[in-house]
Structures are given as C-alpha cells and as structure tokens.
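Enquirer: Per my numbering, the very first residue in the sequence shown carries number 2; after that it's consecutive. One structure, as structure tokens, below. Some questions next.
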Amino acid sequence: MELTKMINEGLIDLELDASDQLGVIEQMASLLEEQGRIDSKSAFTQGVLEREQQFTTGFGNGIAIPHCKSSTVNNASIAIGKLTNGVDWKAMDDADVSFVIMLAVPDAEGGSTHLQLLSRLSGNLMDEDFRDGLMSVTAKEDVLRLLTDSMTEKSN
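Here you go:
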C-alpha cells in the first residue's frame, strides 16, 4: 500500500464549495474521474451514498471519511476536500463536516487495501495534532506531507 500512488495534488481540493453531502461527494468523485481512477462517476457516487445509508462516515471533529469499494474503481485512491463552509453529514458528534477524506477502492482490494486505509486513517484521526494539522492546511503539498508523514510513522 504505497500512499504516493493513491494521492497526488490533483486529488486535493482545498476550496471545495458545496452546500450538502451529495454535492461534496459528487465534486470529489469528479476529481477521481478526471484522473481516470474511476470509470463511472455516477456509479461511484451511488456506491458512496449506499455506504452512507448503512452508517454515517462522519467521523467527528469536523471530518468525514466517505468510502466505496466498487468495480468502477481502477486504482485505490484517496481524494481530499477542505470545505469552504461546513456541511451536515449526520456525524457521530452532530458537528458539521469541513474536511473530507474520500477512499476509492477496487472490489478486488476490498478486504486488504480498504481495511488498511480505514484503520490507519482512523488511528491518525484520533491524534489531535494530526486533526489540527489537517484542518489548518492551506497548500496541497502540506496535505501530502502530513498524510505521508503520519502514515509512515504508523507503519514503523
């Protein structure tokens, strides 16, 4: 699981402007589609929404981790969105979400990559310094550095 293959600056939007959860998911799915990481934006979006219906991915502290395992996903990917205004995500703490980490995983990697990513991200998000770092980023390269540093530390 090489993080550098899953995310790049083109998969990060630090000024995401959406008024609701669907708008956020669609805009982030567009980032994935533009890079050929998914074949169908609509199928992927539907998969994410179906997952949200099972249980919210609103992690708390203003962060959501929507994700989808799907045959429309070509390469395991991470898309990042920092919202200009908070959005109701039905988060566990009832707080609006202002930072979204979207995971896209091919069906074939559902049991391995998907679970590893969720586990590592969840662990990192429990760290207040990591959360504060994400919320305060202003440059795409800072997001990449923060993720790379934290994922590397956790695996050592």
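Quick reminder that beta carbons are idealized off the backbone N, C-alpha and C, glycines included.
Among the candidates V25, G82, I13, G124, whose CA atom is the shortest distance from the CA of M152?
Expert: Nearest of V25, G82, I13, G124 to M152, Cα basis: G124.
Enquirer: Classify R146 as buried or exposed, calling it buried when 16 or more other Cβ atoms lie within 10 Å of its own Cβ.
Expert: The residue in question, R146, is exposed, as its Cβ has fewer than 16 Cβ neighbours within 10 Å.
Enquirer: Taking a contact to mean a Cβ-Cβ separation below 8 angstroms, would you say A92 touches G61 in this structure?
Expert: Result yes, Cβ atoms of A92 and G61 sit closer than 8 angstroms.
Enquirer: Return the chain-ordered ranges of every alpha helix (DSSP H) run that is complete within the region 40-71 and spans a minimum of 4 residues.
Expert: Qualifying alpha helix (DSSP H) stretches, in chain order: 42-55.
Enquirer: For K83, which beta-bridge partners are listed by DSSP?
Expert: Bridge partners of K83: F100.
Enquirer: Given 8 angstroms as the limit, is there contact between the region 69-81 and the region 98-109, that is, 3 or more CB pairs closer than that?
Expert: Touching, per the Cβ criterion.
Enquirer: Tell whether a beta-carbon distance below 8 angstroms holds between S78 and L15.
Expert: Not closer than 8 angstroms, so no.
Enquirer: Check N157 in the structure and name its three-state DSSP category.
Expert: Any reading at N157 must be qualified, since the residue scores a pLDDT of 41, below 50, and its modelled position is unreliable; no value is offered.
Enquirer: What's the call for S56, buried or exposed, on a 16-neighbour Cβ count within 10 Å?
Expert: A small correction: the amino acid at residue 56 is Phe; Ser does not occupy that position in the sequence shown. Result: exposed.
Enquirer: May I have the straight-line CA-CA distance separating D130 from N86, to the nearest angstrom?
Expert: Cα to Cα, the separation comes out at about 22 angstroms.
Enquirer: In its own chain, which residues sit with a C-beta less than 6 angstroms from the C-beta of E10, not counting the 5 before and 5 after it?
Expert: Cβ within range, chain order: K141.
Enquirer: Along the chain, where does the beta strand (DSSP E) that runs through E10 open and close?
Expert: Neither: E10 is in no beta strand (DSSP E) and is coded neither H nor E.
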